[in-house]
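Basically our numbering = 1-based index in the first sequence + 1. Think of the CB as a built atom: it goes at the ideal place given N, C-alpha and C, for glycine as much as any other residue. Please read all numbers here as calculations on a predicted model, not as lab measurements.
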Amino acid sequence: MAENIISQPEESKGLNFVEQIVADDLKAGKNGGRLNTRFPPEPNGYLHIGHAKAICMDFGVAEKFGGTCNLRFDDTNPVKEDVEYVDSIREDIHWLGFDWGDREYYASDYFPQLFDLAVRLIKEGKAYVDDQSSEEIAAQKGTPTVPGVNSPYRDRSVEENLDLFTRMNAGEFPEGSHVLRAKIDMASSNMHFRDPIMYRIIHHPHHRTGNRWHVYPMYDFAHGQSDYFEGVTHSICTLEFVPHRPLYDYFVDELADESYRPRQIEFNRLNLTYTVMSKRKLLQLVKEGLVAGWDDPRMPTISGMRRRGFTPLSIRNFIDTIGYTKYEALNSVALLEYAVREDLNRIATRGMAVLDPVKVVITNYPEGQSEMVEMENNPENPADGSHEMPFSREIYIERDDFMENPPKKYFRLAPDAEVRLKGAYIIKCTGVKKDVDGRVEEIYCTYDPDTRSGLPGSQRKVKGTLHWVAADTAVDATVRLYDRLFNVENPAAETERDFREMLNPDSLRIVEGVKVEPFLARSASQGAKFQFQRIGYFTPDYDSTPDNLIFNRTIALKDSWEKAQKK
RNA sequence: UGCCUUGUGGUGUAAUGGUAGCACGUCGGAUUCUGGUUCCGCCUGUGAGGGUUCGAAUCCUUCCAAGGCAACCA
């Protein structure tokens with residue numbers, strides 16, 4: 002047990018309800034004034050944004066009051082678990098900025114003590130071995146409104162129960178043939194009290210204990226006791242465990258006394274609009290190869306978001322914003338995106354890339370000539386300095402940034418119109434060349450040499466400013482555009498069909514001039530069934546580009562433009 | 001028709017018997033070497049009824065609504 006005695010919290014305002022409970026317990030001197038939480042993932046998948054909320058709570062409350070937080074892998078079901086997941090979980094928690102020090106534990110470490118407790122309960126007549134099938138047991142359980150009936154094996158002798166349980170663990174029986182149940186109350190209004198199963202037989206090897214055990218404890222018979230063995234004082238979990246709490250307390254009663262007892266507290270889990278959060282479905286995506294892996298940038302996993310360009314701070318700020326309550330909220334994804342934009346806008350190094358290029362020839366710029374222009378790295382923070390970009394006679398701009406017949410209030414390039422090329426010159430469109438299909442192939446412009454950025458002539462104002470890259474030095478990179486998985490029509494859609502339709506990876510070609518970093522734009526492709534939002538979602542092809550290649554603004558401009566058009 | 005949990009603007013969250021505030025969002029305006037960013041402004045709320053109280057989002061009560069609980073998952 003840890004020896005983290007903490008000082009009394011002086012102020013109780015500004016606390017969420019969990020922190021308030023913790024503060025009250027500390028004030029009352031419970032558990033000798035110790036505070037110890039735990040984050041208990043089952044290593045059966047990668048952590049997602051929902052887990053990030055739990056991590057921020059478990060580690061955050063410990064940090065706030067000077068307590069400690071354990072990392073405990075809840076590995077009581079060897080069939081689903083794997084060391085690959087253990088490793089990823091460690092990495093993701095660290096990435097979020099939390100540390101469990103040397104307090105890394107496993108529920109499987111407590112198998113011997115749990116087994117001993119089970120034996121004790123058998124001897125005290127509080128547990129029995131049931132030989133029925135899961136179907137029979139389920140049928141006897143009744144329904145929430147109809148009481149259950151007792152198992153015919155409920156009153157077996159202690160000797161027989163002991164013998165059977167021992168042989169269950171010795172591997173003498175096939176899976177499903179026997180279970181160990183707690184003898185409580187088959188008529189309880191709480192379904193979890195209707196003789197819950199404590200142990201089941203599993204012959205699948207465990208990722209840590211191998212074939213040592215043939216019986217494995219169920220969650221309800223493992224969690225509270227594990228908390229107790231570890232010295233956990235506050236076991237914070239999500240709302241779906243509320244009905245389990247009486248059972249948690251029931252088993253803890255067998256161990257705890259006045260001086261120390263762990264306490265379960267529940268908060269609301271994270272729901273995000275348009276976002277699939279079910280571990281089962283995420284696993285299905287991975288298994289069926291519909292995504293490149295758990296860390297595919299389209300996934301709502303922590304590792305996926307990391308690859309998408311999200312920052313740990315933005316995720317933590319977001320979680321801070323949505324808070325912890327007992328109300329099952331559906332949080333707007335706009336809140337998350339705001340947090341990401343907010344942080345990225347502050348720290349991201351800007352660069353330019355053209356996603357859908359069209360060539361512009363500056364006819365009065367000398368052939369073969371080129372020059373370097375200066376671009377600031379981050380307008381939000383001049384201390385970040387600047388970098389140089391080559392400018393020459395032929396450049397690329399976005400196809401969207403030119404219109405042959407522009408409506409009023411179109412501030413970008415059009416015949417006879419002037420725009421500024423960001424960081425370079427003001428240019429004027431003098432003509433276009435089209436292919437046989439009437440598609441614009443090249444745009445011809447003249448530039449005004451006096452208007453180079455930084456020169457006195459640069460004071461001249463034009464309405465539009467465009468990003469660009471020099472054609473001869475541009476790097477041609479294939480970049481996949483990863484859009485978040487979601488369905489515009491139904492914020493909560495998770496049906497199988499919708500689910501699959503969400504998964505059409507879009508491929509885009511990008512021509513880049515400089516190295517760039519996470520971008521800050523977003524957009525919506527109008528009229529599409531599936532709306533695509535693009536906040537830092539551009540990720541280079543995994544193998545082709547070592548650095549994050551991200552573009553920043555055009556798409557947002559287009560989005561605003563579409564909105565402006567409606568007026 | 002059992003037990004448990006929860007209802008504050010469009011969304012989320014504060015107010016812990018004493019002025020219903022904040023953020024996102026929406027809409028409008030200013031600034032801008034990108035229409036982004038930044039700044040300013042507007043908008044909308046205590047599920048319903050009854051009670052206690054000088055005073056109720058908060059306490060009591062009835063009703064209404066939403067969610068959870070019947071895995072050999074966690």
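Margin query: Could you compute how far the alpha carbon of D385 sits from the alpha carbon of Q265?
Written below: 47 Å
Notebook entry, point to check: Should R453 go down as buried or exposed, given a rule of 16 or more other Cβ atoms within 10 Å for buried?
Noted result: buried
Check: Excluding five sequence neighbours on each side, which residues of the same chain lie with their C-beta closer than 8 Å to the C-beta of I367?
Finding: One detail in the question is off: residue 367 reads as Pro in this sequence, not Ile. Same-chain partners within the cutoff: R394.
Notebook entry, point to check: From which residue to which residue does the beta strand (DSSP E) around T322 run?
Noted result: No beta strand (DSSP E) holds T322; the alpha helix (DSSP H) holding it covers P313 to I323.
Item checked: Opposing strand residues paired with R201 [DSSP bridges] -> Per DSSP, V180 and Y217.
Check: Does the Cβ of L509 have 16 or more other Cβ atoms within 10 Å, making it buried, or fewer, making it exposed?
Finding: Legend: pLDDT at L509 = 36, less than 50; position of this residue unreliable, no value from coordinates given.
Item checked: Identified DSSP bridge partners for D473 -> The partner list for D473 (beta bridge, DSSP) is empty, contrary to what the question assumes.
Notebook entry, point to check: Hey, S135 and G172 are a contact pair by Cβ (cut 8 Å); roughly how many whole angstroms apart?
Noted result: With a Cβ gap of about 20 Å, S135 and G172 do not count as contacting.
Check: Quick one, which of A257, R209 and P391 has its alpha-carbon nearest F230's?
Finding: A257
Check: Going by the beta-carbon positions, is the gap between F412 and G465 smaller than 8 Å?
Finding: yes
Next item on the list: From the DSSP output, in three-state form, read off Y261 for me.
Entry: strand
Checklist line | C-beta contact flag for I303 and H49 at 8 Å | finding: yes
Note to self: Across the region 282-302 and the region 323-342, are there enough close Cβ pairs to call them in contact, namely three or more that are closer than 8 Å?
What the structure shows: Too few Cβ pairs lie closer than 8 Å, so no.
Check: Among D254, V80 and H224, which has the Cα closest to the Cα of I203?
Finding: V80
Next item on the list: Verify whether the separation of the beta carbon atoms of V355 and E419 is less than 8 Å.
Entry: no
Notebook entry, point to check: Can you give the Cα-Cα distance for L163 and F174, rounded to whole angstroms?
Noted result: 14 Å
Check: If you run the structure through DSSP and keep just helix, strand and coil, what is P145?
Finding: coil
Checklist line | beta strand (DSSP E) segment containing L283, residue limits | finding: Looking at the DSSP string, L283 is not in any beta strand (DSSP E); the run it does join, the alpha helix (DSSP H), is K280 to K288.
Next item on the list: Just mark A335 as buried or exposed, buried being the case when its beta carbon has 16 or more other beta carbons within 10 Å.
Entry: exposed
Item checked: Local Cβ density within 10 Å of S1, reported as buried at 16 or more and exposed below that -> Because the chain here runs from 2 to 568, residue 1 falls outside it and cannot be looked at.
Next item on the list: Give a single yes or no on whether D473 has its beta carbon closer than 7 Å to a heavy atom of the ligand NAD.
Entry: Among the ligands in the structure shown, none appear at all, so the ligand NAD cannot be discussed.
Checklist line | Nearest-angstrom Cα separation, counted from I123 out to N71 | finding: 31 Å
Checklist line | Per-residue burial, K409 [other beta carbons within 10 Å of its own, 16 or more giving buried] | finding: The C-beta of K409 has fewer than 16 other C-beta atoms within 10 Å across all chains shown, which makes the residue exposed.
Notebook entry, point to check: Between K516 and G455, what straight-line distance do the alpha-carbon atoms span, to the nearest angstrom?
Noted result: Low confidence applies here, because K516 scores a pLDDT of 28, under 50, leaving its location unreliable and the question unanswered by this model.
Item checked: Exposed unless 16 or more other CB atoms sit within 10 angstroms - verdict on P206 -> exposed
Note to self: Between the region 180-200 and the region 138-148, can you find at least three pairs of beta-carbon atoms closer than 8 Å?
What the structure shows: yes
Notebook entry, point to check: Does the beta-carbon of R121 have 16 or more other beta-carbons within 10 angstroms, so that it is buried, or is it exposed?
Noted result: Classification for R121: exposed.
Check: What residue range is occupied by the uninterrupted beta strand (DSSP E) comprising R73?
Finding: From DSSP, the beta strand (DSSP E) with R73 extends over T69 to F74.
Checklist line | Delimiting residues of the alpha helix (DSSP H) encompassing D164 | finding: V159 to A171
Check: Run through DSSP, which three-state label would D83 get?
Finding: Coil.
Check: Can you tell me whether N32 is buried or exposed, with buried defined as 16 or more other CB within 10 angstroms of its CB?
Finding: It is buried - the Cβ of N32 has at least 16 other Cβ atoms within 10 Å.
Margin query: Tell me the rounded alpha-carbon separation between E20 and F392.
Written below: 57 Å
Notebook entry, point to check: Do you know offhand how far P41's Cα is from S189's?
Noted result: 28 Å
Note to self: If contacts are defined as beta-carbon pairs under 8 Å, then I320 and K54 qualify, I think. What distance do you get, rounded to the angstrom?
What the structure shows: 5 Å
Notebook entry, point to check: Smallest Cα separation from S152: which of L284, E161, M169 and Y129?
Noted result: Answer by Cα proximity: Y129.
Next item on the list: Would you list the residues sitting across from F392 in a DSSP beta bridge?
Entry: E372
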